[in-house]
Amino acid sequence: GSGSEPPGPPVVSVLRTEADHAWLPPEAFRVLGSRRVLVSGTGPLVDTVHGEVAAACERFGGTVTRAREGTASAGSAYDLLLCLEEAAERGDEGFTLARERGRTVVTATGQRGLLHGLFHVVRLGAAAFDGEHAPEAHRPALATRMLDHWDNVAVHPVMGQVERGYAGGSLFWRDGRARGDLERVRAYGRLLAACGINAVSVNNVNVHEAEAHLLTDRIGDVADIADALRPYGIRTHLSVTFAAPVVLGGLTTADPLQEEVRAWWAGATERVYAAIPDFGGYVVKADSEGQPGPFAYGRSHADGANLLADALAPYGGTVHWRAFVYDHRQDWRDRTTDRARAAYDHFVPLDGAFRDNAVLQVKHGPVDFQTREPVSPVIGAMPRTRLAVEIQATQEYTGQQRHVCALAPMWSQVLRFRPGGAAAARVGELARGGLVAVSNAGDDPYWTGHPLAQANLYAVGRLGWQPDADPLALLDEWIELTFTPEAGPDPERLRAGLRAVLRDSWRTYEKYTAPLGVGFMVQPGHHYGPSVDGYEYSPWGTYHFADRNGIGVDRSRATGTGYAGQYAAPWAEVYESAGTCPDELLLFFHHVPYGHVLHSGTTVIQHIYDTRFEGVAEVAAARETWASLAGLVDDARHARVAERYEEQLRCAREWRDQVNSYFLRKSGVPDAHGRRIH
Ligand code: GCW
Numbered sequence: 009g010s011g012s013e014p015p016g017p018p019v020v021s022v023l024r025t026e027a028d029h030a031w032l033p034p035e036a037f038r039v040l041g042s043r044r045v046l047v048s049g050t051g052p053l054v055d056t057v058h059g060e061v062a063a064a065c066e067r068f069g070g071t072v073t074r075a076r077e078g079t080a081s082a083g084s085a086y087d088l089l090l091c092l093e094e095a096a097e098r099g100d101e102g103f104t105l106a107r108e109r110g111r112t113v114v115t116a117t118g119q120r121g122l123l124h125g126l127f128h129v130v131r132l133g134a135a136a137f138d139g140e141h142a143p144e145a146h147r148p149a150l151a152t153r154m155l156d157h158w159d160n161v162a163v164h165p166v167m168g169q170v171e172r173g174y175a176g177g178s179l180f181w182r183d184g185r186a187r188g189d190l191e192r193v194r195a196y197g198r199l200l201a202a203c204g205i206n207a208v209s210v211n212n213v214n215v216h217e218a219e220a221h222l223l224t225d226r227i228g229d230v231a232d233i234a235d236a237l238r239p240y241g242i243r244t245h246l247s248v249t250f251a252a253p254v255v256l257g258g259l260t261t262a263d264p265l266q267e268e269v270r271a272w273w274a275g276a277t278e279r280v281y282a283a284i285p286d287f288g289g290y291v292v293k294a295d296s297e298g299q300p301g302p303f304a305y306g307r308s309h310a311d312g313a314n315l316l317a318d319a320l321a322p323y324g325g326t327v328h329w330r331a332f333v334y335d336h337r338q339d340w341r342d343r344t345t346d347r348a349r350a351a352y353d354h355f356v357p358l359d360g361a362f363r364d365n366a367v368l369q370v371k372h373g374p375v376d377f378q379t380r381e382p383v384s385p386v387i388g389a390m391p392r393t394r395l396a397v398e399i400q401a402t403q404e405y406t407g408q409q410r411h412v413c414a415l416a417p418m419w420s421q422v423l424r425f426r427p428g429g430a431a432a433a434r435v436g437e438l439a440r441g442g443l444v445a446v447s448n449a450g451d452d453p454y455w456t457g458h459p460l461a462q463a464n465l466y467a468v469g470r471l472g473w474q475p476d477a478d479p480l481a482l483l484d485e486w487i488e489l490t491f492t493p494e495a496g497p498d499p500e501r502l503r504a505g506l507r508a509v510l511r512d513s514w515r516t517y518e519k520y521t522a523p524l525g526v527g528f529m530v531q532p533g534h535h536y537g538p539s540v541d542g543y544e545y546s547p548w549g550t551y552h553f554a555d556r557n558g559i560g561v562d563r564s565r566a567t568g569t570g571y572a573g574q575y576a577a578p579w580a581e582v583y584e585s586a587g588t589c590p591d592e593l594l595l596f597f598h599h600v601p602y603g604h605v606l607h608s609g610t611t612v613i614q615h616i617y618d619t620r621f622e623g624v625a626e627v628a629a630a631r632e633t634w635a636s637l638a639g640l641v642d643d644a645r646h647a648r649v650a651e652r653y654e655e656q657l658r659c660a661r662e663w664r665d666q667v668n669s670y671f672l673r674k675s676g677v678p679d680a681h682g683r684r685i686h
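9 is the number of the first residue of the sequence shown in the UniProt record's numbering; add one for each residue after it.
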C-alpha cells in the first residue's frame, strides 16, 4: 500500500504492455519496493518517480509518501529519501547519493536528476541500503546520449519499415502512419531512462517523401511521441531533408545562403516548437549516399549546418550534422580515392566554422561500422567543433541480431582511445556533442529481436553516462537487472553462463568473419553472411585487394593512400608501418604477403585459417552453454535464444568455409594443421 500526505498528484501508472520487461523486471524493484520511501518535490518527472516507487511498494509491501518540498532532514521514518531540492532546473541531470543514519538519501536539483537517482538505486539493489557513506556526486559525462532510429514512416521498397532493422517493425510507424501505440513508446522511454539515454530521433536519416512531411504537416505525429517520452526525461529529435524548402516549401532552391531559404527554416522551426516546446533538434545526413546537401549550391557543410543551427538557436535546439560524407560512386579501378579519408578531408578544414548548437556526428570508425576499424581520425582533429560519436547498436555488420555480439567491449575501446597519445584526452572526453547510437529496438516482443541484444541497447546509455566504465561490469549489471539471478535456484551458474556467452562474443564474431580489420566481406545489399568478393568490384569504396600474393589496403603515407597520415602522433607512426601496426588492424592499413608474420607469431594466412576454426568452435561452445541454462531462464526467452544459436552456428560455418576456401585457393598455402578446407 502507498500512503500519501498531503494528497499528492495522481500516481502515474507504470506501464501495461505485452513487451518484455528487459532490464526493468518487477523483481529488480524488490529491494526498493519493500522499503519506506519518501518522494519530495513537484513536477511531472517527480510524478514519474513517485509512480515508479508506488508501483514497486504496491508489489513488494513498502510504503511511499509524497511531500511537496525537499525534506532530506526528515526524521527516521524512512529508509529512502528521493528529494528534489530546488525549483526544477530541467537541464540538470546529476544527483547525489548518501547513506546516513541508516537512510539512503538521493538529492537532485533537477527533475531528470531525481529520475536518474531512482534508477541508480534500482541498479544498486541491496547495496543501496548498506553501510554509511558521505554524499557522492553522480553526473553524466556526456550531456547528450541519443538513439537514432532509422525508421521509415512508409515501408521502403528495399529497406522496409526500418532500415537495417532486425527487431520487427518500428515502434513509431507502420505502413505510412503513426502506430499510435503510445503505451509501448512510453515503456520504451522508461527503459531508455533507466540506462541513461535522454534523446531519441524518431525517423531514418535517409529522409524519403513521406518522412519529409514529419517536419511540417505531420508534426502532430512527432508531438504525440514526444508526449509519451517526456515523462521519462527524453527529448525528441527529427531527421530532416536538406531539400525541405524545395520539397515541402515550394521554393526553387535550398541554398543555405539565400534569405528565403533561411526564412523558410525559421518559420518551419517556429511551428515545430509550437507543437513540441522541448523539441531537441534536427539530425541531417547531407550529400551522403544520394541525400541532398549544400554541395549542390557550391556551399560548405558548415554553411549547411549553420543554417539549421540558426533556425534552432532561439529555442535551444541542436542540429546533429553527420560527417558520413564520401563518394559512393567510386570507380574501383581508381586506387587514389580512399573512402576512409573522406570524413577527415571534408570536415577537418571546417573546424571552428560551426555554430555552438551544431554538433558534428562522426561514425566511430572511418568506413562504416565494421567489426573492427581504427578510431576515426576526425575525432581529435577538430578541437573547436562539438563532436558526437556515432556507434551502431543495430547489428548491421555484426550479425544482425541473429548472432550474439555484445558490443560494449568494442565501444569501450573506442571511447577510451586517446587520439593524441598516452597523455592526451580520451574519445569519451572529446565527444562534447554526445554519444549517439543507431537504435536496435523495434516492435519485437523482446524489443531487440535477439533477447541478448538488449545488452547492447543498455550499454549505449551507460557508456554515454560514463564512457570509461568497465564494459564487462556493465554486462554484469545488465545480467543482474534483467535475469535477477538471486531470485532463481542457481544464481552462480546462471551468472557464469551468461557471462560466458556474452563477454567475448564480439571477438568470437570477428574470428569467423573478415580478418585483421580488412572489413566488407559481407553479401552486398543486406550485409548478412559472407561474400568475400561481394564488394570488390563495386562503387562503394570498400575493397580488400586480395590476390595470389597477399591482401589488405595500403593506407600508408609512404606508398599508399596517405590515410595513416590523418592521425596525430603517435598513431600516424604506429599505423604507418606494418611492423608497428597492431595485428587486429593490419589489413586495414597495409597490403601484406600471406606469409607476413604477425606480432602474435603466426603468418597472416595461418591466422586466417586458425581463427575461422576457433570462431566456429566458440559459437558451438556458446550454444552448449546456453542449452545448459534451460530452466534457469524463462522458457520463451530461452527458446528464442536457442533458435538464434542454430542460425548463428550455421552462418559461422558458412563464413569459415567461404573465407578459408577463398584464401586457400588464392594463396595455394595449405593449412599447417591439415584441417579440411574446401
Ligand atoms: O551503414 C550504412 C548503411 C545504410 C545507412 C548508412 C548511414 C541509413 O548500410 O543503410 O543509411 O550507413 O549511416 O547513413
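Note that the Cβ used here is the ideal one computed from N, Cα and C, for glycine as well.
- Query: Which residues mark the beginning and the end of the alpha helix (DSSP H) in which G121 is found?
  - Reply: The continuous alpha helix (DSSP H) containing G121 extends over residues 119-132.
- Message: Spatial neighbours of V513 within its chain, please: C-beta separation below 6 angstroms, excluding the five flanking residues on both sides.
- Response: Rather than Val, the amino acid found at residue 513 in this sequence is Ser. V412, C413, A414.
- Please report the residue range of the beta strand (DSSP E) in which P143 lies. For P143, the enclosing beta strand (DSSP E) begins and ends at 141-146.
- So the beta strand (DSSP E) L27 belongs to, where does it begin and stop? The identity of residue 27 in the sequence shown is Ala, whereas the question assumes Leu. That residue, A27, is in no beta strand (DSSP E); it is neither H nor E in DSSP.
- Does the ligand GCW have even one heavy atom less than 7 angstroms from the beta-carbon of W158? Relative to the ligand GCW, W158 has its C-beta within less than 7 angstroms of a heavy atom.
- Task: Can you grab the Cα-Cα spacing for the pair A96 / Q119, in whole Å?
- Result: Per-residue confidence for A96 stands at a pLDDT of 47, beneath the threshold of 50, marking its modelled position as unreliable; the derived number appears in the next sentence. Our two residues, A96 and Q119, have alpha carbons roughly 6 angstroms apart in a direct line.
- Message: Extract the residue ranges of the alpha helix (DSSP H) inside the segment 507-575, only unbroken runs of 4 or more that lie entirely within it.
- Response: Whole alpha helix (DSSP H) segments, 4+ residues: 513-520.
- Have a look at F180 and E191 and give me their C-alpha separation to the nearest angstrom. C-alpha separation (whole angstroms): 11 angstroms.
- Task: Less than 8 angstroms between the CB atoms is what I'm expecting for Y545 and V624, so what's the real figure, rounded?
- Result: V624 and Y545 do not touch by the CB rule: their CB atoms are close to 28 angstroms apart, not below 8 angstroms.
- Straight-line gap, Y617 to D335 (C-alpha atoms, nearest Å): When rounded, the distance between both Cα atoms is 34 angstroms.
- Task: Please list, in chain order, all residues of the same chain as T402 whose beta carbon is under 6 angstroms from its beta carbon, the five residues on each side excluded.
- Result: Taken in chain order, the residues that qualify are R172, V446, N448.
- Within the present structure, is the beta-carbon of V213 separated from the nearest heavy atom of the ligand GCW by less than 7 angstroms? Remark: the shortest separation between the CB of V213 and any heavy atom of the ligand GCW falls under 7 angstroms.
- Item | Inter-residue CB distance, V375 and A348 (contact presumed, cutoff 8 angstroms) | The Cβ separation is near 6 angstroms, so the contact holds.
- Query: Using the rule of at least 16 other Cβ atoms within 10 Å of the residue's Cβ for burial, across every protein chain shown, is A430 buried or exposed?
  - Reply: Residue burial annotation: A430 is exposed, with fewer than 16 other C-beta atoms found within 10 angstroms of its C-beta.
- Keeping to the same chain, check which residues put their C-beta closer than 6 angstroms to that of R556; ignore five residues upstream and five downstream. Hits under 6 angstroms: K674.
- Sorted by chain position, which residues of the same chain lie with C-beta nearer than 7 angstroms to A75's C-beta, five sequence neighbours on each side aside? Here the set comprises L46, S48.
- Query: Which whole runs of the beta strand (DSSP E) in the segment 417-450 are 3 residues long or more, in chain order?
  - Reply: Runs of the beta strand (DSSP E) inside the segment 417-450: 442-446.
- Query: To which residues does DSSP link A366 through a beta bridge?
  - Reply: Residue pairing by DSSP puts A366 in a beta bridge opposite V327.
- Message: Any heavy atom of the ligand GCW closer than 7 angstroms to the beta-carbon of S42?
- Response: S42 Cβ: outside cutoff for every heavy atom of the ligand GCW.
- Query: Does any heavy atom of the ligand GCW sit closer than 7 angstroms to the C-beta of E485?
  - Reply: Outside the cutoff, so no.
- CB contact flag (A252, A276, <8 angstroms): In contact: A252 and A276 (Cβ atoms closer than 8 angstroms).
- Message: Give me, in chain order, the residues of the same chain whose beta-carbon lies closer than 8 angstroms to that of V509; leave out the 5 immediate sequence neighbours on both sides.
- Response: The beta carbon of V509 is closer than 8 angstroms to those of V412, L460, A630, T633, W634 in its chain, skipping five residues each way along the sequence.
- Tell me which same chain residues have a C-beta within less than 6 angstroms of the C-beta of R147, skipping the five on either side of it? Correct list, in chain order: G102.
- Beta-carbon contacts of R565 that lie in its chain and below 7 angstroms, excluding the five residues immediately before and after: Excluding residues within five positions, the ones whose Cβ falls inside 7 angstroms are A572, G573, E584.
- N- and C-terminal bounds of the alpha helix (DSSP H) containing G228: Secondary structure note for G228: its alpha helix (DSSP H) is the uninterrupted segment 227-237.
- Can you tell me the Cα-Cα spacing of E26 and G41, whole angstroms? Rounded to the nearest whole angstrom, the CA to CA distance from E26 to G41 is 22 angstroms.
- Query: Since I487 is in the alpha helix (DSSP H), which residue starts that stretch and which ends it?
  - Reply: Note, I487: alpha helix (DSSP H), 479-491.
- Going by CA-CA distance only, name the one from A576, D28, M154 that's closest to V444. Taking each of A576, D28, M154 in turn and checking the Cα distance to V444, the smallest one comes out for M154.
- Message: Using a Cβ-Cβ cutoff of less than 7 angstroms, which residues in the same chain neighbour V677 once the five nearest sequence positions on both sides are dropped?
- Response: Spatial neighbours of V677 in its own chain (CB-CB distance under 7 angstroms, excluding positions within 5 residues in sequence) are listed in chain order as Y602, I613.
- Would you kindly work out how many angstroms separate the C-alpha atoms of E267 and W486, rounded to a whole number? Straight-line Cα distance between these residues: approximately 51 angstroms.
- Item | Cutoff 8 angstroms; reference T261; Cβ partners in own chain excluding five residues on either side | Sequence-distant Cβ neighbours of T261 in its own chain, meaning closer than 8 angstroms and more than five residues away, are P253, V254, E268, V269, Y305.
- C-alpha gap between L482 and V582, whole angstroms: Each residue's Cα considered, the two are about 31 angstroms apart.
- Message: If I measure Cβ to Cβ from G133 and keep anything under 6 angstroms in the same chain, skipping five residues before and after, which residues do I get?
- Response: Sequence-distant partners of G133 (beyond 5 residues in either direction) whose C-beta falls short of 6 angstroms from its own C-beta, in its chain, are V39.
- Query: Does DSSP put R503 in a helix, in a strand, or in coil?
  - Reply: Correct three-state label for R503: helix.
- What residues in its chain sit with their C-beta under 6 angstroms from that of S607, if we drop five residues either side in the sequence? At residue 607 the sequence reads His, which differs from the Ser that was named. If you ignore the 5 residues before and after H607, its C-beta comes within less than 6 angstroms of the C-beta of D591, all in its own chain and listed in chain order.
- Message: My assumption, with CB atoms under 8 angstroms, is that G204 sits in contact with H124. Please give the rounded CB distance.
- Response: With 8 angstroms as the limit, G204 and H124 qualify as a contact, their Cβ atoms being about 7 angstroms apart.
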